[in-house]
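In terms of our numbering, the sequence shown has 841 at position 840, counting the first letter as 1, and numbering is strictly consecutive.
Here's the structure we're looking at; comments come further down.
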Amino acid sequence: MGLFPEIQRAWITVDNRLYLWNYLNGEDFQSYEDLDRTIICIKLVKPRPGVFIDSIEFLLVISTLNDIFLLGVEYLTSKSSENAKELVFYSTKMSISVSGIDVLCIEETILQLVTDNSRNLLYALTSKSSIRAYHLANQQSLNHVISYSYRSIVAHAQMVNASSSLLDPRTTTIISLAPVPLSESSQIYLIAITSTGCRLYLRASRSSWSINGPPSTMTCTHVRFPPVDSDNKQEDYKVQPSNISYKVLNNNTLLNSLSSFILTSIRIGHVFSPGYFLAFKSSASVSEGDKLFASAADTGRILHGTLNNHRLSLVETAGWIPLEGYVQAVSLLTPPTYCPNELKTQYNVFSPQIAVLTNTGVHIIQRRNNFQILYSAIKYGASTLNGVEGEIQSFFEMVGQAEGCATCLGLICGKIDTISQPDEYYNTKYFSNRNNILADSDIIEIARKYYIEFGGKPFTKQTQYKFGQEVLDLDNVQLSARHDGLVIYIARSIGELWKKPFIKHTINKKLSIKTYSSNFPTTTLLRIRSEFVTLLEFLDNNKSYIKGLVAPDQLSGSMSRSEEISFQAEHRALHALILLIRRIIEGLSFVCVLIDDTPSKLHDIISSLSKQSQDNCLKLTFEDLFSKESGKELAKDLVTAIVNKQLAGGGSVDAVSESLRKRCGGFCSADDVIMYKAIEQLRRAKEKFEFSDEKKRSLQECLRLFMKIASNLTLENLNETVAEFRDLGFHTDNDNSNITLLRDDTYKTAYLSRDKLFHYSLYDWYVERGMLERILNVKRRSINDLDLADLLWQYHSKHGSFYEAARVLYELAQSNFPITLGQRMEYLSRGKGLCNCDVSLEIRPMMNKLAHDLQEELDVITIQDDIIQSIRNDERLSVEKKHEMIRNLDGKLIPLTELFNKYADLLGYGEICLAIFHVSDYRGKADIIQCWEKIITKENNLAFNKDIKAYEAISELIRRLGRKFGSSENVFPLEDLVPMLEVYSFERQDDGVPQGWVIESFLSAGVSHGLIFSILDEMIDRRESPWQTKSALIFLIKEAVHLITLWVKANTKAAMSEQMKEWLELPNLFLKEGTQFINRCTKPDKE
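See the structure below:
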């Protein structure tokens, strides 16, 4: 017995009789009893075209012990019912004898033959679990190209770390093969299923010398093991009738294990697109029948993990399905689907149906998608322990918030009608408690509620800073799941149209006629449009409940700045989606207008366009029509063609334009209507042979209408209209007395424009016409407008006038415009960069002077910005005081004296005081030394409070400030800093301060060995306090020795690449200086 899904029949043979049964309606039994031999095998195949009459769609190949017969089958609609199909058998009188073939010995048999038509390959599975591949080169040729033993498969599996006892060749066999078509994978050719439930993914490859030939080798590249058996209780995998949560219906996510024996001893295994795995296993009890283990990719979890930047991996869900009886055959009923993302097509393509034939009947298996699961969770959730909210919450947790919101929108927008009959059968069977079943209207209301409540809210991803200030950017916001779900739903609903053109053409080669027609039926377009209309109505009716649809300033309650920015980004994104929805609705209505009435209407409209426009129409996709400027422009041509067709047929502009505005207003605006009326007046004027009063009135009315929409006329339309007026001899009387005044007013209006691109075009227009004096007049105008001034330097820079551009930037930085300090710093930096551009020799001196002025201002503004950041981080100041100081500083440039007296020195910002000394070239040594002492004392106290080593903090301070101010002897006075820090180190040598850290700090700051050595030498000679004692001198000697050691090492490393003479004289110098050290230090102490 078996299945013929192509003709919706199950079959069984009894001796020489064949019985067929329509398993869909449970009736229509037919039999064929014309054979006189026992039937041993039967198959259903498609005949080669042209061999039999057209009504014979299939052939039954019936094999007996003596002959093989061909029986023709016609599959036609029943007279009693349109849904039923009848079978008519035809005797072809074609047979072949197989009698006399004696089989003496069978060592290896063929268990299965499967074909891969996409690659022209035939696979054979032998009784020894070997795989053979044959290449179908043509209809008369079958070449053996690959032999792949099971032991080789296991050896290759071990190479990919898939070694397991489940693959042991002594106990495991391959029970079936499943080809993988080229459309699904270009690398994986075949999936082999073992008796232990493992799936072996096999890859085939060609030899290097046969690039285009058939494959010659095969390798196992991946092994998918069975899921983990939870405590070896298979009941954990069963579908429980009392629970309808997503987790149970699709079961737990599979955790595959190399040692799971949950699928041991399966009899039958199948893999169907898109990745359905079915394994049949006998139950422990004879009365229970077989059990079906089914698994499939969990595209929702995979998508959820991808959106959250998780590692991409194959996630599957699975479950056990009890069957009545023992499995005889398994077959796919529906055409295979090659779209791996079932979520994408769940609304318009049913999941594949798989028929399982047992000795008791036919079981139809179909996977339930997210939409069906949520529908059941809401409809029957009240009868479960978790309740409706608990079931929906479990659903959202499993699929993610965005997917959950998208599924809710599917219920809201009328997708309930797509619930299939098998799904209702499932609900009826597994939800016996049906006392609290909800109606569809209640289901929609609940879906609306949880779309709003479970949609989350937007938030900023990561805090960003610019010039030390927190920057809140609309593009740095993670939008809510409510928004993401809306995006997903829109994409899936319009996905079947989005990338496809809506116009196609067919060519009659005999008549050489090209015919244009719609690529989609009107019913499909109207269905999708209806769903989007429902979606738009839902959003409009609930905008007061969805925060993102309400402007942030209208939200009740206090919000932080971050929350306000987040909701601004959400509002912007949702508003854009609503505009897209409206555009889709109007676009679908427009397409329906084009293809309405008669099929010839669309053809006539397209044919009236130019050749280029006709070609563009064939390429025009729904995506172009809904979202791209090219689509909008082409739509205008189509609207014009529609109007012209109506006018040519004697119709009225008002009638057709009103119809277009009602059905697709976005494609026919009020200005478009005015333009069509003007065109109609122009057409009427052309029909008058003489220049009569009526013709003049038509042209005057036409002119009046064109003047109303002059701002929307393209240059091409304007030229055509003027040419028409000229050809008709129409002109208006002009008063030339005020032309000059009109011109001046026009220029005045132009100069007041805020449009940057307009000013660019205006200045280019001046240059093209040699009107340079007008540009000079623009330059002489005082810069009293920030936008114009900002535009002016960009214009100068674009045209190579770098000095003028830098000068404008310098003036902007010093201006009284209400701009921030950061903006002024940006102007100065841009101006400094422009000063490095190539200019003429005459301008170079002025450019150098300007560069010097810009650098001075940059130094000052950098210090001013550092003070702002220090105040912002100063915990001693109150919030009000901080705001007051920052408000005074974050604006115009302040002189250095005021910055020092009012802020840096007053607030104790020592490092900023040093920066002011450096920029102003201040030489007051006492003030500088005092500033350094305060900085070191402050750093020491901070280290003490933070419980860290003070000398390390001071060492890092010296390194940092040395690199910053080391070029200035006044601000970084080594002759004072070295003794100061040596005293600091000497006084704390009993606290564990290491010898030589002062030396190393200054060396790291870029100070030379020789300069430090000369300072130490002078300290020893002078023996000022506290260096009078012997212990203090020994401390200094150790410092000097440490310095000399580092000096020798540094010069030894660099000696081969530097001057050899200096290197050779260094030891003598060290020896001489060291001897003098010792002699001086061993003199009797003065004490």
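Positions of the beta carbon are idealized from the N, C-alpha and C atoms, including for glycine.
Opposing strand residues paired with G823 [DSSP bridges]: As a working mapping, residue 823 is identified with position 822 in the sequence shown. G823 pairs with nothing; no bridge assigned.
Identity of the residue in I643, L639 and D728 nearest L683 by Cα: What you label residue 683 is simply residue 682 of the sequence shown in a count that begins at 1. For the options I643, L639 and D728, the alpha carbon positioned closest to that of L683 is the one of D728.
Cβ neighbour criterion (16 or more within 10 Å) applied to I1000: The sequence position of residue 1000 within the sequence shown is 999, counting from 1. So I1000 counts as buried.
Outcome for N371 when other beta-carbon atoms lying within 10 angstroms are tallied against a minimum of 16: Here residue 371 is taken as the residue at index 370 of the sequence shown, counted from 1. Burial of N371 is indicated by the presence of at least 16 other C-beta atoms within 10 angstroms of its C-beta.
Chain-order list of residues whose beta-carbon lies under 6 Å from that of G832 (same chain, five-residue window excluded): What you label residue 832 is simply residue 831 of the sequence shown in a count that begins at 1. If we look at G832 and ignore the five residues flanking it on each side, its Cβ neighbours are A807, L810, Y811 and L855.
Neighbourhood of T93 by C-beta, 6 Å cutoff - its chain only, sequence neighbours within 5 removed: Within the sequence shown, the letter at position 92 stands for residue 93. L71 and G73, listed in sequence order.
Own chain partners of F539 with C-beta closer than 6 Å, once the 5 adjacent residues on each side are dropped: Against the sequence shown, residue 539 aligns to sequence position 538. The beta carbon of F539 is closer than 6 Å to those of I413 in its chain, skipping five residues each way along the sequence.
Where P228 sits in the DSSP three-state scheme: Indexing the sequence shown from 1 puts residue 228 at position 227. Collapsing the DSSP output to three states places P228 in a strand.
Identity of the residue in F521, K450, F627 and K602 nearest I491 by Cα: Numbered from 1 along the sequence shown, position 490 holds the residue referred to as residue 491. The residue with the shortest Cα to Cα distance from I491 is F627.
Three-state class that DSSP yields for A280 in the structure shown: On the sequence shown, position 279 is the one that residue 280 refers to. Look at A280 here: in three-state DSSP terms it is strand.
Those residues which DSSP pairs with H484 across a bridge: Residue mapping note: residue 484 aligns to position 483 of the sequence shown, counting from 1. DSSP output for H484 lists no bridge partner at all.
N23 beta carbon less than 8 Å from that of D29: Within the sequence shown, numbered from 1, the residue matching residue 29 stands at position 28. Within the sequence shown, numbered from 1, the residue matching residue 23 stands at position 22. Yes, the Cβ-Cβ distance between D29 and N23 is below 8 Å.
G362 - containing beta strand (DSSP E), residue span: As a first step, residue 362 must be located in the sequence shown, where it is residue number 361. Here the beta strand (DSSP E) through G362 covers G362 to Q367.
Separation of G198 from L304, as counted between CA atoms: Taking the first residue of the sequence shown as position 1, residue 304 is located at position 303. Taking the first residue of the sequence shown as position 1, residue 198 is located at position 197. In this structure, the CA atom of L304 is about 26 Å from the CA atom of G198.
Beta-carbon contacts of L1089 that lie in its chain and below 8 Å, excluding the five residues immediately before and after: Lying outside 2 to 1088, the shown extent of the chain, residue 1089 is not represented and no answer is given.
N- and C-terminal bounds of the beta strand (DSSP E) containing R562: Here residue 562 refers to the residue found at position 561 of the sequence shown. Unbroken run through R562 is the alpha helix (DSSP H), R562 to I596; no beta strand (DSSP E).
Alpha-carbon to alpha-carbon, S217 and K248: Translated into the one-based positions of the sequence shown, residue 248 becomes position 247. Translated into the one-based positions of the sequence shown, residue 217 becomes position 216. Reliability of the predicted coordinates at K248 is poor, the pLDDT of 27 falling under 50, and the value obtained from them is presented with this limitation in mind. Taking the Cα positions, K248 is about 44 Å away from S217.
Closest Cα partner of D1091 within the set T741, I504 and L714: The requested residue 1091 is not part of the displayed model; the chain covers only 2 to 1088.
Endpoints, alpha helix (DSSP H) assigned at A378: By one-based count along the sequence shown, residue 378 stands at place 377. Where A378 is concerned, the enclosing alpha helix (DSSP H) stretches over N371 to Y381.
Of the residues I529, V181 and A574, the one placed nearest V551, counting alpha carbons only: Counted from its first residue, the sequence shown places residue 551 at position 550. Among I529, V181 and A574, the Cα nearest to that of V551 is on A574.
Backbone CA spacing between E392 and G382 [nearest angstrom]: Against the sequence shown, residue 392 aligns to sequence position 391. Against the sequence shown, residue 382 aligns to sequence position 381. Taking C-alpha positions only, E392 is separated from G382 by approximately 6 Å.
Nearest residue (CA-CA) to E75, options D68, L88, D875 and T461: By one-based count along the sequence shown, residue 75 stands at place 74. For the residues D68, L88, D875 and T461, the minimum Cα distance to E75 belongs to L88.
Expected contact under 8 Å - CB spacing of I322 and I366 to nearest Å: To locate residue 322, count along the sequence shown from 1; it is residue 321. To locate residue 366, count along the sequence shown from 1; it is residue 365. The beta-carbon distance between I322 and I366, rounded to whole angstroms, is 7 Å. This is short enough to meet the 8 Å contact definition.
Own chain, CB closer than 7 Å to K44, minus 5 neighbours either side, in chain order: Within the sequence shown, numbered from 1, the residue matching residue 44 stands at position 43. Excluding residues within five positions, the ones whose Cβ falls inside 7 Å are V62.
Cβ-based burial, S1 [other Cβ within 10 Å; buried from 16]: Residue 1 lies beyond the stretch modelled for the chain, which goes from 2 to 1088, so this question has no answer here.
Helix, strand or coil at V723 [DSSP, three-state]: Translated into positions along the sequence shown, residue 723 becomes position 722. Here V723 sits in helix by DSSP.
R10 classed as buried or exposed, judged by whether at least 16 other C-beta atoms fall within 10 angstroms: Sequence index remark: in the sequence shown, residue 10 carries index 9 (1-based). Counting other Cβ atoms within 10 Å of its Cβ, R10 reaches 16 or more and is therefore classed as buried.
N-terminal and C-terminal residue of the beta strand (DSSP E) that A295 is part of: For the purposes of this step, residue 295 is taken as the residue at position 294 of the sequence shown. D291 to A298 is the extent of the beta strand (DSSP E) around A295.
Buried or exposed by the 16-neighbour rule on C-beta atoms within 10 Å, applied to W766: Sequence index remark: in the sequence shown, residue 766 carries index 765 (1-based). By the neighbour-count definition (other C-beta atoms within 10 Å, threshold 16), W766 is an exposed residue.
Exposed unless 16 or more other CB atoms sit within 10 angstroms - verdict on S762: Reading the sequence shown from its first residue, position 761 is the one you call residue 762. Of the residues assessed, S762 falls on the exposed side of the cut-off, its CB having fewer than 16 other CB atoms within 10 angstroms.
Check whether S868 and Y904 have beta carbons under 8 Å apart: Translated into positions along the sequence shown, residue 868 becomes position 867. Translated into positions along the sequence shown, residue 904 becomes position 903. According to the sequence shown, residue 868 is Ile rather than Ser. Pairing I868 with Y904 gives a Cβ-Cβ distance under 8 Å.
Whole-Å CB distance - R449 paired with I547, under 8 Å assumed: On the sequence shown, residue 449 is found 448 positions in, with the first residue counted as 1. On the sequence shown, residue 547 is found 546 positions in, with the first residue counted as 1. In this structure R449 is not in contact with I547, their Cβ atoms being roughly 10 Å apart against a cut-off of 8 Å.
Reference V389, options I444, Q347 and V357, closest by Cα: Taking the first residue of the sequence shown as 1, we reach residue 389 at position 388. Ranking the options by Cα distance to V389, first place goes to I444.
Supposed close pair H919, V861 - CB separation, criterion 8 Å: Reading the sequence shown from its first residue, position 918 is the one you call residue 919. Reading the sequence shown from its first residue, position 860 is the one you call residue 861. Contact between H919 and V861 is ruled out by a C-beta separation of about 12 Å, above the 8 Å threshold.
Coarse secondary structure for H145, derived from DSSP in three states: Residue numbering aside, residue 145 sits at position 144 when the sequence shown is read from its first letter. Of the three classes helix, strand and coil, the one that applies to H145 here is strand, per DSSP.
Buried or exposed by the 16-neighbour rule on C-beta atoms within 10 Å, applied to I1045: The sequence position of residue 1045 within the sequence shown is 1044, counting from 1. So I1045 counts as buried.
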